[in-house]
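> The sequence shown begins at 303 in this note's numbering and counts up by one. Take this structure, written in structure tokens, and hold onto it; I'll ask about it next.
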Amino acid sequence: MRHKVNDAKSVRDYFANPTSTSEKSNVHILERGDRIVLLTEHHRNKEQTISFISFFGGKGWKATASPARPAERSDICTTAGVLAAIKGNIDNRLPSFATDVGGKLTPDAQITGRLTVLADVETMVLSGYIECGLGFG
């Protein structure tokens, strides 16, 4: 059964492994009508991750993200980097494992999340990336 986007009893989410995105594709992601966006393996460093969070915030979303980390198999590449964003009109809060006061950054490049209330139930929405054979760093 397909629910309307504004139906309080349903939530549409979007999960993707984008590797990289342009501002145009970021706008497209937000215009899909989803209420939750989970992105994994965005490959952004700390400064780029903060900018990415600000982009979502400027569009009325609350986001938490972890920057990518250096890859074990390369001196120049990165791996992982994850983001969890929830539309601002849905009750959502920073996770307890955030590393900054605003709750925008989390320490592990392979997992992040936001706490939200869906149908009167607190739910931790997680975005994660696991490398085969390596697990969490």
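Note that the Cβ used here is the ideal one computed from N, Cα and C, for glycine as well. Values in this document were obtained by computation on a predicted structure and should not be read as measured data.
Which residues does DSSP list as the beta-bridge partners of S430?
Reading off the sequence shown, one finds Gly at residue 430, where the question assumed Ser. The partner list for G430 (beta bridge, DSSP) reads I413.
> Out of G362, G405, R346, G335, which has the shortest C-alpha to C-alpha gap to I378?
When only C-alpha atoms are compared, the closest one is R346.
> Going by DSSP in three states, T381 sits in which element: helix, strand or coil?
Correct three-state label for T381: strand.
> When we look at the beta-carbon of P409 and count the other beta-carbons within 10 Å, is it buried (16 or more) or exposed?
Counting Cβ neighbours within 10 Å, P409 comes out exposed, since fewer than 16 surround it.
> Start and end of the alpha helix (DSSP H) containing L341?
Unbroken run through L341 is the beta strand (DSSP E), 338-342; no alpha helix (DSSP H).
> Going by the DSSP bridge assignment, what does R314 pair with across the sheet?
Per DSSP, none; premise fails for R314.
> Nearest CA to the CA of A387: which residue from Y431, W363, V403?
Nearest C-alpha to A387: W363.
> For L332, which residues of its own chain have a beta-carbon under 6 Å away from its beta-carbon, when the five flanking residues on both sides are left out?
If we look at L332 and ignore the five residues flanking it on each side, its Cβ neighbours are K361.
> Which term fits V403, buried or exposed, when burial requires 16 or more other beta carbons within 10 angstroms of its beta carbon?
Exposed, by the Cβ-count rule.
> Would you kindly work out how many angstroms separate the C-alpha atoms of K389 and F399, rounded to a whole number?
Those two C-alpha atoms are separated by around 20 Å.
> If we count the other Cβ atoms within 10 Å of its Cβ and call it buried at 16 or more, is F354 buried or exposed?
Label assigned to F354: buried.
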